[in-house]
Amino acid sequence: MVQTQSLAVVPRSSALPEFLKLLLLIAIPAPLLAYFSWASSYSVGVMLSCIGLLVYGATAMRGRRSPLPAALPGLLCGLAVIALHLLISSFLGPVDWGRGLGSLVMLAIFVAGALVLKQALLCLAPQDLLKGARYGLYGLAFISLLGILDWLQPDKATWPKSLFPFSEPSHLALFLAPILIFNCITAQPRARLLILAAALTATAILQNVTLATICLMTAVLCLSPRYLLLLAVTVVPAVLLLDLEYYLVRLDFSGESDNLTNLVFFQGWQLILEALERSHGFGLGFQQLGVFGTDSDAAELIRFIMGEYLNLLDGGFNLAKFIGEFGVFGMMLLAAFLYQLGVAIKLLRRTATRGQAIPLSHVFAASCMMGYTVELFLRGVGYFSPSGLLLLSAALIWLDRKPNSASTVARPPCPTGISQQAR
């Protein structure tokens, strides 16, 4: 018998699935503020999302025990460790204390929002989670369609490839990743092919490496060899008819390309090496990457081409920021994440190809972990992002799961990869 979640289920709205409301609350504020230049980064918008989640926890989840008091000692301990690391880093190099301490306050709000989101996700009815994720995918597809048709784009001059409220396709792609993976994993095989075909079509039109990476990753993750071959036979001939110069330029890793996307990627790796050298492997400290400039060759070339330095503070991808700021400790946490990611990939593959009965909350958590790898290794916008908020709540769910409960139940495969009780 599949174990159901013990938490009480939040009553679903007749208008919108509760999960869709949560997705809208997480996804919209940050890109909207950045689009109209009301905020210089996603941080302010994500803080608004977190405050919205705290309000949600106090109202929509009224009567349920708040997760915050129990988590307070661990949260304070974690903040103290990060502050201590920042203090030691100040003896190894310059530190912007205002930025560091201010970001610690934001981190506390961020974690509090993730804790409420975790509880909200665990309280959702499985049908609500499935329906909300499906509507979320439809919504992101509609946003992409409006961008492709150049409709309802308020500032096309500033953002020529905007998908309002996202200023560029890669920003939409970062939030799309876990939603696309979850929908494909929980769909029937034919539906997966349709979803992936639609995503690949949009990618071909929009021409975006981040979107293309997410589509490829999702296909390999959720399709059996037979369906993967079918998709390849169908899509590859069409792809070969397209102008591939856009992708070839961005995939030039010779170090001689002057493409901005390519340069930002190389700059990220140079920032890692520079930070490790400057701090003797200890790390620059929380939110200190790029604050005091860089001697990176790629950064200088970017300044020569664009007239200014770009992506120094976020590193271009989050791995650069994480290892650059936390050094060897960041590497250790990365190794732990990659180990758990391997477990998550196995869980997703079992769900998609073998139809094993696995709790939906675990499937969604694994989807968020897998989706975040794009932000970690390819294109990131810093710690405080909508997908980062999803990742943290997913990690909390993942660490609390019981691996040997419902996931190992032997039963006839379900076509959707979900147990009958989880539908």
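Just so you know, we're using my numbering here: the sequence shown kicks off at 982 and counts up by one.
All C-beta atoms in this analysis are idealised placements derived from N, C-alpha and C, irrespective of residue type, glycine included.
Keep in mind the model is a prediction, meaning the values are calculated, not measured.
Evaluate the contact criterion for the segment 1078-1088 versus the segment 1311-1329: three or more CB pairs, one atom per stretch, below 8 angstroms. Judged by Cβ distances under 8 angstroms, the segment 1078-1088 makes no contact with the segment 1311-1329, as fewer than three pairs qualify.
Label Tyr-1119 either buried or exposed according to how many other C-beta atoms from any shown protein chain fall within 10 Å of its C-beta, with 16 as the threshold for buried. The count along the sequence shown starts at 1 and reaches residue 1119 at position 138. Tyr-1119 is classed as exposed because its beta carbon has fewer than 16 other beta carbons within 10 Å across all chains shown.
Apart from the five residues on each side of it in sequence, which residues of its chain come closer than 6 angstroms, Cβ to Cβ, to Leu-1187? For this step, residue 1187 is matched to residue 206 along the sequence shown. Contacts found: Pro-1150.
Please go through the same chain and pick out, in chain order, the residues whose beta-carbon is closer than 7 angstroms to the beta-carbon of Leu-1357, but skip the five residues on each side of it. As a position in the sequence shown, residue 1357 is number 376, starting the count at 1. Exclusion of the five residues before and after Leu-1357 leaves Phe-1298, Asn-1299, Leu-1300 as the residues of its chain whose Cβ lies within less than 7 angstroms of its Cβ.
If you measure between the beta carbons of Tyr-1023 and Val-1324, is that distance less than 9 angstroms? Residue 1023 sits at position 42 when you count from the first residue of the sequence shown. Residue 1324 sits at position 343 when you count from the first residue of the sequence shown. Cβ atoms of Tyr-1023 and Val-1324: not closer than 9 angstroms.
Note down, in chain order, each residue of its chain lying with its Cβ closer than 7 angstroms to the Cβ of Val-1110, except the 5 sequence neighbours on either side. Counting from one through the sequence shown, the residue named residue 1110 turns up at place 129. At residue 1110 the sequence reads Leu, which differs from the Val that was named. Closer than 7 angstroms at Cβ, skipping near neighbours: Phe-1000, Leu-1341, Phe-1345.
How many angstroms separate the CA atom of Leu-1265 from the CA atom of Val-1216? One-based indexing of the sequence shown puts residue 1265 at position 284. One-based indexing of the sequence shown puts residue 1216 at position 235. Leu-1265 and Val-1216 have their C-alpha atoms spaced approximately 45 angstroms apart.
If you draw a straight line from the C-alpha of Asp-1276 to the C-alpha of Ile-1304, how long is it? As a working mapping, residue 1276 is identified with position 295 in the sequence shown. As a working mapping, residue 1304 is identified with position 323 in the sequence shown. Rounded to the nearest whole angstrom, the CA to CA distance from Asp-1276 to Ile-1304 is 18 angstroms.
If you pair each beta-carbon of the segment 1285-1299 with each one of the segment 1099-1113, do three or more pairs fall below 8 angstroms? Under the three-pair Cβ rule at 8 angstroms, the segment 1285-1299 does not count as touching the segment 1099-1113.
Just tell me which of Pro-1054, Thr-1242, Leu-1155, Val-1062 has its CA closest to the CA of Phe-1267. As a first step, residue 1267 must be located in the sequence shown, where it is residue number 286. Ranked by Cα distance from Phe-1267, the options Pro-1054, Thr-1242, Leu-1155, Val-1062 are led by Val-1062.
Do Gly-1038 and Ser-1030 have their CB atoms nearer than 9 angstroms? Position 57 of the sequence shown, counted from the first residue, corresponds to residue 1038. Position 49 of the sequence shown, counted from the first residue, corresponds to residue 1030. It is not a contact, given that the beta carbons lie outside the stated cut-off.
Spatial distance of Ser-1260 from Gly-1249 (CA atoms): As a position in the sequence shown, residue 1260 is number 279, starting the count at 1. As a position in the sequence shown, residue 1249 is number 268, starting the count at 1. One C-alpha to the other measures close to 16 angstroms.
Measure from the alpha carbon of Phe-1307 to the alpha carbon of each residue in Leu-1073, Ile-1007, Leu-1035, Ala-1158, then state which is nearest. Your numbering for residue 1307 matches position 326 in the sequence shown. Per the Cα distances, Leu-1073.
Would you report the Cα separation of Phe-1247 and Thr-1191, rounded to the nearest angstrom? Position 266 of the sequence shown, counted from the first residue, corresponds to residue 1247. Position 210 of the sequence shown, counted from the first residue, corresponds to residue 1191. Computed Cα separation, rounded: 16 angstroms.
Within the continuous alpha helix (DSSP H) that includes Pro-1010, where are the two ends? Sequence index remark: in the sequence shown, residue 1010 carries index 29 (1-based). It spans 1010-1016 - the alpha helix (DSSP H) in which Pro-1010 sits, taken as one unbroken run.
For Pro-1010, which residues of its own chain have a beta-carbon under 6 angstroms away from its beta-carbon, when the five flanking residues on both sides are left out? The residue labelled residue 1010 in the question sits at position 29 within the sequence shown. For Pro-1010, where only same-chain residues beyond five positions count, the Cβ hits under 6 angstroms are Gly-1026, Leu-1029, Ser-1030.
Quick one: residues in its chain with C-beta nearer than 6 angstroms to the C-beta of Phe-1156, no 5 flanking neighbours on either side, listed in chain order? Against the sequence shown, residue 1156 aligns to sequence position 175. Exclusion of the five residues before and after Phe-1156 leaves Ala-1008, Pro-1367, Ser-1368 as the residues of its chain whose Cβ lies within less than 6 angstroms of its Cβ.
Rounded to the nearest angstrom, how far is the Cβ of Met-1351 from that of Leu-1329, given a contact under 8 angstroms? Taking the sequence shown and counting its residues from 1, one reaches residue 1351 at position 370. Taking the sequence shown and counting its residues from 1, one reaches residue 1329 at position 348. The pair is a contact, with the Cβ atoms about 7 angstroms apart (cut-off 8 angstroms).
Identity of the residue in Ser-1125, Ala-1041, Asn-1164 nearest Ser-1153 by Cα: To locate residue 1153, count along the sequence shown from 1; it is residue 172. Correcting the residue type first, residue 1153 is Leu in the shown sequence and not Ser. The candidate whose alpha carbon is nearest that of Leu-1153 is Ser-1125.
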